[in-house]
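Trainee:
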Amino acid sequence: MQTTTDLRRVIGFWGGTAFIVGVTIGSGIFRKPPTIAGLVPNPLVIMALWVAFGLISICGALTLAELSSLLPRAGGVYVYLRRAYGDGIAFVFGWLYVLVTSPAAIAALAVVFAEFLLNLWGVPTDTGKMQAIAIAAIGVLMGANILGAKIGTNLGTVLTIIKVSALVAIIGGALLFGHGSFAHLTGGPVPLEGLGRAVASVIWTYDGWITVSMIAGEVMAPEKLMKRVTIVGILIIVALYVGANLAYFYMMPIDVMAQQQAAIARTVMTAIAGPIGGTLILLSIMASVFGALNANVLARPRVAYAMARDRLTFSFLGLAHRRFATPWPAILFQGAAAIVMVLTLRDFDTLTTYFVVVEWAALIVSVAAVFVLRRSMADVPRPFRTPGYPWVPLIFVIGTALGLAAIVWGEFKNGNYTPIYGLLIALAGFPVYQLWKRLARAAEPTPATI
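Throughout, the working numbering is defined as the position within the sequence shown, counted from one, plus 10.
#1: Along the chain, where does the alpha helix (DSSP H) containing PRO403 start, and where does it finish?
#2: Who are the near neighbours of THR170 in its chain, counting only those whose CB is closer than 6 Å to its CB and skipping five residues on each side?
#3: Going by C-alpha to C-alpha distance, which of GLN270, ARG207, VAL313 and VAL168 sits closest to GLY425?
#4: Just the C-alpha distance for VAL377 and THR280, rounded to the nearest angstrom, thanks.
#5: My understanding is that GLY197 touches PRO51, with C-beta atoms under 8 Å, so please give their C-beta distance in whole angstroms.
#6: Please classify ALA176: does DSSP put it in a helix, a strand, or coil?
#7: Between ILE35 and ILE349, how many whole angstroms is the CB-CB distance? I'm expecting something under 8 Å.
#8: Hey, PHE334 and ILE156: beta-carbon distance below 9 Å or not?
#9: Counting along the chain, where does the alpha helix (DSSP H) carrying VAL212 start and finish?
#10: Have a look at PRO285 and VAL178 and give me their C-alpha separation to the nearest angstrom.
#11: Would you identify the three-state DSSP class for HIS189, choosing helix, strand or coil?
#12: Between which two residues does the alpha helix (DSSP H) holding SER479 run?
#13: Can you tell me whether DSSP reads ALA144 as helix, strand or coil?
#14: Ignoring anything shorter than 4 residues or poking outside the region 223 to 272, list the alpha helix (DSSP H) runs there in chain order.
#15: Using CA coordinates, which residue listed in GLY25, LEU49, ILE21 and VAL55 is at the minimum distance from VAL252?
#16: Going straight from the alpha carbon of ALA176 to that of ALA452, what length do you get?
#17: State the DSSP-derived secondary structure class of ALA335, mapped to helix, strand or coil.
#18: Span of the alpha helix (DSSP H) holding ILE282?
#19: Hey, out of ARG41, LEU303 and TRP219, whose CA is closest to TRP370's CA?
#20: Counting only runs of 3+ residues fully inside the region 326 to 397, write out the beta strand (DSSP E) ranges in chain order.
#21: Name the one or two DSSP bridge partners that ILE181 has.
#22: Alpha carbon to alpha carbon, what distance is there between PHE23 and ARG238?
#23: In or out: ASP389 buried (at least 16 other Cβ within 10 Å) or exposed?
#24: Any contact of the region 327 to 347 with the region 128 to 138, i.e. 3+ C-beta pairs under 8 Å?
#25: With DSSP collapsed to three states, give me the class of ILE220.
#26: According to the Cβ coordinates, are VAL108 and ALA450 closer than 9 Å?
#27: Could you check if GLY38 is buried or exposed, using at least 16 other CB atoms within 10 Å of its CB as the buried criterion?
#28: So which of VAL407, LEU119, ALA142 and ALA257 has the shortest CA-CA distance to ILE374?
#29: Within the same chain, show all residues whose beta-carbon is closer than 8 Å to that of PHE63, passing over the 5 residues directly before and after it, in chain order.
#30: Which word fits VAL313, buried or exposed, when buried means at least 16 other C-beta atoms lie within 10 angstroms of its C-beta?
#31: Taking ILE405 and CYS69 to be in contact with their CB atoms under 8 Å, please state how far apart those CB atoms are, rounded to whole angstroms.
#32: Between which two residues does the alpha helix (DSSP H) harbouring ILE39 extend?
#33: Using DSSP with H/G/I as helix, E/B as strand and the rest coil, what is ILE21?
#34: Does the beta-carbon distance from GLY102 to PHE365 come in below 9 Å?
#35: Beta-carbon within less than 7 Å of VAL442's beta-carbon, same chain only, minus the 5 sequence neighbours each way: which residues are those?
#36: I believe VAL89 touches ALA316 by the beta-carbon criterion, under 8 Å. Please report the beta-carbon distance rounded to the nearest angstrom.
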């Protein structure tokens, strides 16, 4: 393939906004609510969790809007970490992102898409069939995104319209035509262990908005558009999540909700519009998951690309296709790693908890970079400044830290120690970085002497 090293700025406001909504709204809002209901038998507390972490996400998005307009380069959070803390921290983030969290996120979405597709066909879930469908989906989207970011975002825009329309239909259909009751918004005492574990499901459902900053290098006029894309996108997500949960609770008591086996959205729409409505909403859910999968395949390889450009990983990952101006080696590498994850993936909830702890721990450090860069780059013009600074980033840092502590405590009480394993992998990145530096120095040519 022909190669170059520059990415083309082709993503506009609507494409970028659709991207952030598409990458965030995936399987979570359609799969996690019954899990949360089983852990926290109180709708008001659950709604408070959705609102609280929606506000925390907005604080994080507002902070990253400043960083992305200040440093509008492909790679997003990796770029901010490297500028604020140096190569070591940036390498560890990239180490986790490229080898662990990105492949797992792509693999999980592909597997969920396969499960829904088998459900639509009425075929019993079979591991071999599920893996084959998941791998095929990853392969198709790798090809689409190698052909150009414009193609990838256009596909994402169409799928995002479908999923947003589906959520609006659920909210409007339930509240206007459903035979429910707001009396369902009552519940009993909440076990602290369950509350901590439920936080992981809420965070997983919000996870994804961060990746919009990783396509900053391909957004047109990023100084103006990145802040608008980030803020508008996250506000749409919060409104849809809160509205969807209100609709779910309106349509069924919490104990019924906790027992749902199929997608809860399909159950709600079947009650409102019959089997046809349920089937249509299942198709929309599949579009939602496929859209999130597409957005992840589009954005996540940009970190490997940026690391390679900074000589912190293999140089071939920093190549871009000469005709399509896309980082095709990074896309292929990330897709191959995700396929390996598909072949080894087991328990969905355990894996999402595992990666939520690792990713959002990294997000705390990333958002805190604004404090460092306000000092080290004090004289650099900022197209957008975080409103309410320093309180807005502090709310994100403190709120997320408390949420992660609750998750780890709740999982420990339940005998699940995988969050610690994820953090240990993160710490392993530091000696790997030192080894990489030694290998890089050894590979440098020795100056000739005369």
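Even glycine gets a Cβ: it sits at the ideal position worked out from N, Cα and C. Computed from a predicted structure; not experimentally measured.
Mentor: Looking at the coordinates:
#1: Counting along the chain, the alpha helix (DSSP H) containing PRO403 begins and ends at 401 to 423.
#2: Excluding five sequence positions before and after THR170, the CB atoms of its chain that fall closer than 6 Å to its own CB belong to ALA28, VAL31, GLY32 and GLY301, given in chain order.
#3: Closest by alpha carbon: ARG207.
#4: Between VAL377 and THR280, the C-alpha separation is close to 42 Å.
#5: Sure, about 5 Å apart at Cβ, within 8 Å.
#6: Three-state DSSP puts ALA176 in a helix.
#7: Here ILE35 is actually not in contact with ILE349; their C-beta atoms are around 24 Å apart, not less than 8 Å.
#8: Their beta carbons are under 9 Å apart, which means PHE334 touches ILE156 by this criterion.
#9: Judged by DSSP secondary structure, VAL212 falls within the alpha helix (DSSP H) whose first and last residues are 202 to 216.
#10: Rounded to the nearest whole angstrom, the C-alpha separation of PRO285 and VAL178 is 19 Å.
#11: Correct three-state label for HIS189: coil.
#12: Since the first and last residues shown for the chain are 11 and 460, residue 479 lies out of range.
#13: Helix, per DSSP.
#14: List check, alpha helix (DSSP H) in window: 232 to 261 and 264 to 268.
#15: When the alpha-carbon of VAL252 is set against those of GLY25, LEU49, ILE21 and VAL55, the nearest one is in VAL55.
#16: Distance between the alpha carbons of ALA176 and ALA452: 56 Å.
#17: It is coil, neither helix nor strand.
#18: Residue range 274 to 309 is occupied by the alpha helix (DSSP H) that includes ILE282.
#19: Of the listed residues, the one whose Cα sits closest to TRP370 is TRP219.
#20: The region 326 to 397 contains no whole beta strand (DSSP E) run of 3 or more residues.
#21: In DSSP, ILE181 forms no bridge with anything.
#22: Going from the Cα of ARG238 to the Cα of PHE23 covers about 8 Å.
#23: Exposed: under 16 other Cβ atoms inside 10 Å.
#24: The region 327 to 347 is not in contact with the region 128 to 138.
#25: Reduced to three states, the DSSP call for ILE220 is helix.
#26: Not a contact, by the Cβ cut-off of 9 Å.
#27: By the neighbour-count rule (16 or more Cβ atoms within 10 Å), GLY38 is buried.
#28: Cα-wise, what sits closest to ILE374 is VAL407.
#29: Same-chain partners within the cutoff: VAL209, VAL212, ILE213, TYR216, GLY409 and GLY413.
#30: Buried.
#31: Right, their Cβ atoms sit about 5 Å apart.
#32: Counting along the chain, the unbroken alpha helix (DSSP H) around ILE39 starts and ends at 38 to 49.
#33: ILE21 falls in the strand class under three-state DSSP.
#34: Sequence inspection shows Val at residue 102; the Gly mentioned does not correspond to that position. VAL102 is not a Cβ neighbour of PHE365, given a cutoff of 9 Å.
#35: Non-local beta-carbon contacts of VAL442 in its own chain, meaning distances under 7 Å to residues more than five positions away in sequence, involve TRP105 in chain order.
#36: Between VAL89 and ALA316, the beta carbon gap of about 6 Å places them in contact (Cβ cut-off 8 Å).
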